[in-house]
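Undergrad: Chains as they are written, first to last, in the UniProt record's numbering: chain A, 1 to 373; chain B, 1 to 373; chain C, 1 to 373; chain D, 1 to 373. Using N, Cα and C, we set each Cβ at its ideal position, and we do this for glycine too.
Number of protein chains: 4
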Amino acid sequence: MSSSWGNLIHIQIFGESHGGGIGVVLDGLPAGYPIDMDMVLLQMKRRAPGQDLTSTARKESDSPEVLSGMLDGRTTGAPLAALIRNKDTRSGDYKNLMKLPRPSHADYTGHVRYSGFNDVRGGGHFSGRLTAPLVFAGAVCRQILLCHGIHIGSHIRAIAGKEDTPLDPVTVDAVQLDELSQQFFALVDPKAEDAMRLEVEKARLDCDSVGGIIECAAVGLPAGIGSPMFDGMENRIASLVMGIPAVRGIEFGTGFAAASMRGSEHNDAFVPGDGQVRTLSNHHGGVIGGITSGMPLLFRTAFKPTASIAKPQQTIDLTSGKQATLVIKGRHDPCIVPRALPVVEGAAAIAILDAMMELGKIPPYEGGRNHDA
Amino acid sequence: MSSSWGNLIHIQIFGESHGGGIGVVLDGLPAGYPIDMDMVLLQMKRRAPGQDLTSTARKESDSPEVLSGMLDGRTTGAPLAALIRNKDTRSGDYKNLMKLPRPSHADYTGHVRYSGFNDVRGGGHFSGRLTAPLVFAGAVCRQILLCHGIHIGSHIRAIAGKEDTPLDPVTVDAVQLDELSQQFFALVDPKAEDAMRLEVEKARLDCDSVGGIIECAAVGLPAGIGSPMFDGMENRIASLVMGIPAVRGIEFGTGFAAASMRGSEHNDAFVPGDGQVRTLSNHHGGVIGGITSGMPLLFRTAFKPTASIAKPQQTIDLTSGKQATLVIKGRHDPCIVPRALPVVEGAAAIAILDAMMELGKIPPYEGGRNHDA
Amino acid sequence: MSSSWGNLIHIQIFGESHGGGIGVVLDGLPAGYPIDMDMVLLQMKRRAPGQDLTSTARKESDSPEVLSGMLDGRTTGAPLAALIRNKDTRSGDYKNLMKLPRPSHADYTGHVRYSGFNDVRGGGHFSGRLTAPLVFAGAVCRQILLCHGIHIGSHIRAIAGKEDTPLDPVTVDAVQLDELSQQFFALVDPKAEDAMRLEVEKARLDCDSVGGIIECAAVGLPAGIGSPMFDGMENRIASLVMGIPAVRGIEFGTGFAAASMRGSEHNDAFVPGDGQVRTLSNHHGGVIGGITSGMPLLFRTAFKPTASIAKPQQTIDLTSGKQATLVIKGRHDPCIVPRALPVVEGAAAIAILDAMMELGKIPPYEGGRNHDA
Amino acid sequence: MSSSWGNLIHIQIFGESHGGGIGVVLDGLPAGYPIDMDMVLLQMKRRAPGQDLTSTARKESDSPEVLSGMLDGRTTGAPLAALIRNKDTRSGDYKNLMKLPRPSHADYTGHVRYSGFNDVRGGGHFSGRLTAPLVFAGAVCRQILLCHGIHIGSHIRAIAGKEDTPLDPVTVDAVQLDELSQQFFALVDPKAEDAMRLEVEKARLDCDSVGGIIECAAVGLPAGIGSPMFDGMENRIASLVMGIPAVRGIEFGTGFAAASMRGSEHNDAFVPGDGQVRTLSNHHGGVIGGITSGMPLLFRTAFKPTASIAKPQQTIDLTSGKQATLVIKGRHDPCIVPRALPVVEGAAAIAILDAMMELGKIPPYEGGRNHDA
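1. Specify, as a first and last residue, the run of the beta strand (DSSP E) that Gln-249 of chain B falls within.
2. Just checking: is the beta-carbon of Ala-307 of chain C within a distance shorter than 7 Å of some beta-carbon in chain D?
3. Using only the alpha-carbon positions, how far apart do Ile-9 of chain C and Val-188 of chain D sit?
4. Just the chain C side, please: which residues come within less than 8 Å of Glu-358 of chain B by C-beta, in chain order?
5. Given a cut-off of 7 Å, decide if Gly-110 of chain C and residue 381 of chain C are closer than it, judged by their beta-carbon atoms.
6. Between Pro-245 of chain C and Gly-290 of chain C, is the Cβ-Cβ spacing less than 7 Å?
7. Identify, in the order they occur along the chain, each residue of the same chain with its Cβ nearer than 8 Å to the Cβ of Gly-21 of chain D, setting aside the five sequence neighbours on each side.
8. Mind checking if Ser-227 of chain C is an interface residue toward chain D, Cβ cutoff 7 Å exclusive?
9. Hey, does His-18 of chain D have any beta-carbon neighbour from chain C nearer than 7 Å?
10. As a quick exercise: from A:Ala-310, A:Asn-282, A:Thr-306, pick the residue whose alpha carbon is nearest that of Leu-298 of chain A.
11. Taking the alpha-carbon positions, what's the Ile-250 of chain D to Ala-258 of chain C distance?
12. I'd like to know if His-371 of chain C contacts chain A, where contact means its C-beta is closer than 7 Å to some C-beta of that chain.
13. If you run the structure through DSSP and keep just helix, strand and coil, what is residue 380 of chain B?
14. Do Ala-139 of chain A and Gly-212 of chain A count as a contact pair if the criterion is CB distance below 7 Å?
15. Starting from the beta carbon of Gly-255 of chain B, find every residue of chain F whose beta carbon is closer than 7 Å, and list them in chain order.
16. Per DSSP, Phe-299 of chain A is paired with what?
17. Could you give the residue range of the beta strand (DSSP E) that holds Glu-65 of chain A?
18. Near residue 448 of chain C, what residues of its chain come up, given a Cβ to Cβ distance below 6 Å and the 5 sequence neighbours on each side ignored?
19. Check whether the Cβ of Phe-14 of chain B lies closer than 7 Å to any Cβ atom in chain D.
20. For Ala-269 of chain C, which residues from the same chain have a beta carbon less than 6 Å from its beta carbon, with the 5 sequence-adjacent residues on both sides left out?
21. Indicate the three-state DSSP secondary structure (helix, strand or coil) for His-151 of chain D in the structure shown.
22. On the CB-based measure, 16 or more other CB atoms within 10 Å of its CB, does Ser-2 of chain C come out buried or exposed?
23. Under a three-way DSSP split, which group does Gly-161 of chain B fall into?
24. Got a sec: which bits of the segment 199 to 227 of chain A sit with their beta carbon under 7 Å from any beta carbon on chain B, in order along the chain?
25. Mind pulling the chain B residues with CB within less than 9 Å of Gly-286 of chain D?
26. From which residue to which residue does the beta strand (DSSP E) around Gly-290 of chain B run?
27. Less than 7 Å between the beta carbons of Thr-292 of chain A and Leu-221 of chain A, yes or no?
28. Can you tell me whether Val-327 of chain B is buried or exposed, with buried defined as 16 or more other CB within 10 angstroms of its CB?
29. Are the CB atoms of Val-271 of chain D and Arg-262 of chain D within a distance shorter than 7 Å?
30. Report the neighbours of Asp-119 of chain D on chain B: residues whose CB is nearer than 7 Å to its CB, in chain order.
31. State yes or no: is the beta carbon of Gly-23 of chain D nearer than 7 Å to at least one beta carbon in chain C?
32. How many whole angstroms separate the CB atoms of Val-287 of chain C and Gly-226 of chain C, which I take to be in contact at a CB cut-off of 8 Å?
33. Would you be able to state if there are at least three C-beta pairs under 8 Å between the segment 349 to 365 of chain D and the segment 25 to 42 of chain D?
34. Which of the three DSSP states, helix, strand or coil, is assigned to Ala-81 of chain A?
35. Name the two residues that bound the continuous beta strand (DSSP E) containing Phe-14 of chain A.
Here's what the structure looks like:
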């Protein structure tokens with residue numbers, strides 16, 4: 001398999017960048033939940049290209065057609081399929097890629113994996129475009145979570161080393177996350193924007209690219225969600241987030257920085273809260289032993305700089321086996337981090353909904369509208 | 001589920017720290033592969049407690065009994081089950097834990113998850129002791145991989161901020177990894193040991209603990225292994241490694257540092273090699289788009305400081321809901337990083353074998369010993 | 001989940017009878033295999049309604065649009081998605097079904113399962129129409145199997161008690177199965193057709209329906225495919241075939257009749273064949289202990305009479321809880337057995353391909369067209 | 001994989017007939033449920049060999065040791081592992097089996113599947129002995145179901161063509177099923193016993209064996225359990241039951257006989273019941289469209305005659321490829337049907353619990369014993 005994920009909620013993504021269309025099937029959704037398509041489209045738009053100079057000039061309206069699983073604005077419980085047509089495709093730009101694989105792009109590994117038969121046009125199934133259906137799926141799942149008081153949001157923690165103020169892992173709340181989750185260039189401190197954009201623009205003018213870090217949080221999760229060992233919240237989230245192109249790492253709570261700390265610093269003291277146990281600090285990022293503590297769930301994910309850059313690069317000619325120079329002509333993002341915000345949030349939403357459903361925490365909408373006793 | 005993992009190779013771990021025993025079932029192993037039990041025991045011993053002052057004084061011989069799936073030293077293809085008895089258990093030490101959950105330990109989250117019915121003695125199913133069966137499983141899988149020229153090893157990249165020389169992601173080879181994978185306190189540069197041990201010892205004397213980072217590599221992997229999106233090598237490895245207690249983050253190749261780099265720095269130029277394509281640098285850590293490139297696979301994983309420390313800590317009394325002070329009397333590791341080396345290597349081995357088998361790359365041993373044509 | 005199946009080949013079906021469309025995603029297909037769309041359409045046509053008096057008058061061209069996973073007539077290895085639009089929908093016919101569930105139809109159980117939110121128009125996701133994507137998926141898989149010498153076919157073993165000559169479990173071959181698998185009303189003995197059609201026509205004129213039995217076989221399967229216990233060929237095939245609406249039972253080889261036999265009658269003696277072991281008889285239906293023997297694989301599956309009949313029926317009014325009489329006005333099949341032939345064959349193809357891939361028996365097409373050594 | 005099953009409840013069976021032991025791990029059980037070991041042992045005893053002349057003379061006490069997942073007689077929520085030691089093993093009896101595969105036994109297919117490396121002693125992993133852990137797992141699951149008012153039982157519907165009175169699919173109730181589920185030679189009409197035993201005894205004296213049919217029912221299941229297509233109750237039960245050695249077919253409700261009926265006969269009219277919808281007849285066997293209707297769930301499963309018979313049989317010598325005569329010396333059952341009753345019931349219990357949990361219908365035991373609000 002490959003583009004298939006989940007236990008209770010099952011996500012099947014399909015499509016290739018320049019094929020007939022891309023899309024997703026969500027199987028196992030609870031029935032009766034209202035899905036506001038405007039909220040879905042807002043998330044799709046956050047990811048869509050062509051919005052400013054940080055992203056590719058490719059224009060895609062990315063309007064999903066819901067083929068099944070919804071009726072009168074509500075989930076039916078049957079698999080929800082959505083299709084997004086590809087429109088602005090210029091395959092000619094990519095015709096030499098089969099011969100000359102782009103460095104650090106899946107051209108080469110995909111070529112070997114699929115014995116040379118994969119669709120290389122526009123990156124094929126490896127294209128960042130395939131994150132659009134993931135955003136769609138996430139936007140559906142997060143609306144179901146919202147009905148249960150769970151809010152998810154993220155911000156650009158850093159681009160090219162220019163940092164935003166971190167989320168406060170103890171005080172981050174629904175209001176802050178809801179606000180962040182509607183912005184394109186979401187930041188805790190808006191003053192961080194100029195320095196970040198400057199780095200992206202410098203890279204763009206240099207025919208180069210930059211990477212960055214996204215920090216994502218979820219609040220409203222009850223304690224006790226997730227399972228030990230391989231079905232913990234971290235495993236689930238990591239196994240989805242690692243599927244987003246360009247992600248190179250993920251850390252929960254204090255993450256890698258915890259490796260330099262002492263236990264007495266890192267341990268989070270339990271304290272009585274309003275009807276629930278809380279912790280004074282939140283180095284654990286809301287998850288201990290794979291299971292939620294009721295504190296905000298928090299993770300960061302690292303994005304490498306976009307592999308497709310306009311600068312001439314050294315590669316190999318797969319037909320001759322000889323050294324070659326590659327000049328990429330397609331349209332590419334100097335920085336994909338802003339567009340990745342709704343992708344990361346969506347992945348978190350899918351993982352959380354799956355874990356909630358596994359424990360029977362998502363009942364039929366408002367108890368259902370059965371006519372019979 | 002929880003302690004169950006895999007597609008082709010299926011790992012089922014069971015056990016609680018102070019119960020009748022812990023163990024693992026490996027289903028789906030290829031038949032006929034010779035398993036050298038001494039090599040398995042060597043890995044078990046690397047993880048076993050009580051070896052020096054960095055670890056708990058609990059003594060467990062950890063000798064696994066193979067119950068099924070092996071005959072005459074070879075895998076039979078049927079599920080391979082191994083049982084490790086618990087011996088040196090002193091449950092009395094833990095009797096107040098149900099009331100007073102240890103900060104940053106799964107006592108509390110496990111209590112909520114299992115509605116107060118979980119076995120809390122010694123951490124129950126959340127105990128670090130449950131990594132013993134994972135090491136066993138990994139030790140079996142890595143021997144099968146060795147038959148196909150794949151070598152895995154790791155070193156302590158850092159403890160409490162004291163660093164070892166990193167593995168060279170381009171030149172790391174089978175000889176270096178084989179050597180590392182047999183050591184208890186595995187280091188690239190042995191001179192780093194004293195500084196690390198000093199930090200651990202200081203923490204121990206302070207009734208405290210420290211964390212660290214493990215760097216793991218695999219060489220000999222052919223290009224083209226793994227699948228895009230959710231079944232990539234990173235997803236598989238992360239979904240296993242995140243199941244190791246105390247792990248807080250994972251990064252592949254250059255990882256989080258890539259977020260501050262430019263594409264022209266981070267991209268790895270393709271060059272002709274000896275009968276295979278190689279890259280000049282290896283920021284991609286051997287995996288692009290979820291699929292191996294044939295270069296060394298490399299990842300790092302962050303361990304938080306051990307949660308169980310002897311210092312008095314603030315917690316909550318679950319029976320009264322009031323604030324309380326906890327003094328932990330059990331035996332605990334001031335640093336679990338050295339013991340975690342074979343766990344991380346084992347997790348990598350399982351993930352890699354699973355991915356190899358998915359693509360039919362692990363044939364019957366030496367073509368099988370069928371008697372019929 | 002629900003409409004999701006598979007280990008190596010993953011099938012995700014979606015759609016509702018009167019929604020935007022129905023379809024399927026096949027994930028995990030091997031790359032490079034040529035797929036002849038005419039062969040796919042032939043199978044779709046065998047299942048399509050409106051061909052004669054045995055089936056509903058609803059007209060659906062059922063022409064699938066391939067959205068992804070194919071390029072230049074070959075599989076790319078990425079998920080293959082196909083969409084079939086719904087056209088001839090007359091939802092008005094079904095508007096009273098939410099109130100008055102059809103006896104022995106999923107109207108009632110679906111209503112409870114989905115808390116009243118399911119799409120009931122035309123049977124929604126429970127419609128027999130959902131077998132169209134299954135046929136598509138099967139038609140793709142069987143072409144891949146054909147490249148490896150595996151042929152699948154079936155015939156109408158019985159309709160309303162009128163029987164066809166059984167397939168000979170020992171001598172059935174590729175020629176016979178290929179011929180059967182292209183016919184609409186496939187029979188071993190064409191003389192059985194009239195009696196069967198007479199029963200169907202009598203039932204139709206009586207506003208009633210009839211059931212039947214389909215017998216399916218596969219030849220060319222190597223010995224040693226499948227796994228013991230829960231991943232045997234029988235388990236895999238049964239778990240798919242039981243998903244076909246109206247199926248009420250499945251039996252392998254001699255099946256239920258074996259229950260009345262003695263071991264000495266039922267056991268199949270092994271004999272030397274042309275380079276492979278064979279059995280003199282084939283009561284085992286080509287599978288022993290879940291694993292293929294190399295003899296023809298053979299199973300039968302029972303279809304109940306179509307639940308939707310025009311006769312007035314007793315049911316319950318879900319709004320009042322009171323007794324009511326239902327008169328169904330939609331267009332329905334007096335017998336779905338002929339249309340189910342390609343569905344059963346398709347299910348068998350999917351299960352067999354999945355099992356073959358699990359053992360690495362489906363290499364890249366002709367070794368791949370990699371340019372690099 | 002092979003011996004691994006489940007979505008929410010995960011069952012992993014291991015062991016070989018003459019190895020160190022056999023057992024099972026159940027992962028995903030709800031926490032806090034009391035498990036009465038005497039009830040488990042009763043089911044184990046029903047399956048155990050050596051009870052009368054219908055079964056093998058091999059004596060195995062089959063007393064399971066619970067290694068984990070239970071504390072103070074309750075499930076902890078962690079994986080529940082049970083080990084059954086092999087005692088009365090006489091491997092010498094089987095030493096010529098590798099050379100001379102038993103007709104209709106998995107000796108040959110297992111030999112090919114595992115390239116000659118499988119453990120053939122006593123049938124290895126293919127032995128009927130492997131149903132002991134399945135009975136254990138089922139006995140645990142059925143006790144959890146009992147807490148929710150679900151009762152499962154079965155009877156010998158036929159042996160060697162001698163029939164018992166069928167269960168009444170409408171009136172079968174908890175009292176009848178509880179009674180049946182405690183008997184060794186469970187029958188609806190005890191008068192059927194003599195004729196059945198006579199057939200078994202005749203076969204035994206003829207060095208032969210006989211098959212039979214088991215009919216199993218479950219009552220107390222709420223309506224709305226299960227999912228359409230591939231995760232229906234029939235698919236789940238079939239995929240487990242087909243893993244029981246010697247099973248050749250399964251049918252639900254009226255099953256194969258439905259194929260000869262008309263819709264007007266087979267359709268079950270809905271009628272108002274005591275606070276729930278019922279059907280007048282129950283041809284549908286409690287499941288429509290994969291989902292329970294609230295009526296008794298009912299299925300039958302066919303067992304072939306035991307393959308291992310003492311009569312000389314024709315087989316092939318795998319070393320020479322030549323014809324040979326096999327005389328089996330081991331101890332075998334002339335009829336395994338009576339011993340299979342708790343196996344079939346157990347499989348049904350596992351499948352039903354899994355489906356109930358998928359819909360969140362199994363809450364923590366009595367709301368849990370959490371100390372905190």
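TA: From the atom records:
1. For the sequence presented, residue 249 of chain B should be read as Gly rather than Gln. Start and end: 247 to 252.
2. yes
3. 44 Å
4. Leu-8
5. The structure shown has nothing for residue 381 of chain C, since chain C only spans 1 to 373.
6. no
7. Gly-15, Leu-83, Ile-84, Arg-85, Asn-86
8. yes
9. no
10. A:Asn-282
11. 12 Å
12. Note that His-371 of chain C has pLDDT 43, beneath the 50 cutoff, so the model's placement of it is unreliable and no number is given.
13. The requested residue 380 of chain B is not part of the displayed model; chain B covers only 1 to 373.
14. no
15. Considering every chain present, this structure includes no chain F. Its protein chains are A, B, C and D.
16. A:Cys-216, A:Phe-252
17. 65 to 68
18. Any question about residue 448 of chain C goes unanswered here, given that chain C covers just 1 to 373.
19. yes
20. Leu-280
21. strand
22. buried
23. coil
24. Ala-203, Asp-208, Ser-209, Val-210, Gly-211, Gly-212, Ile-213, Ala-223, Gly-224, Ser-227
25. Per Cβ cutoff of 9 Å: no residues; Gly-286 of chain D is ~27 Å from chain B at best.
26. Run containing Gly-290 of chain B: none; DSSP gives neither H nor E here.
27. yes
28. exposed
29. no
30. Leu-71, Thr-76, Ala-78
31. no
32. 7 Å
33. yes
34. strand
35. 10 to 15
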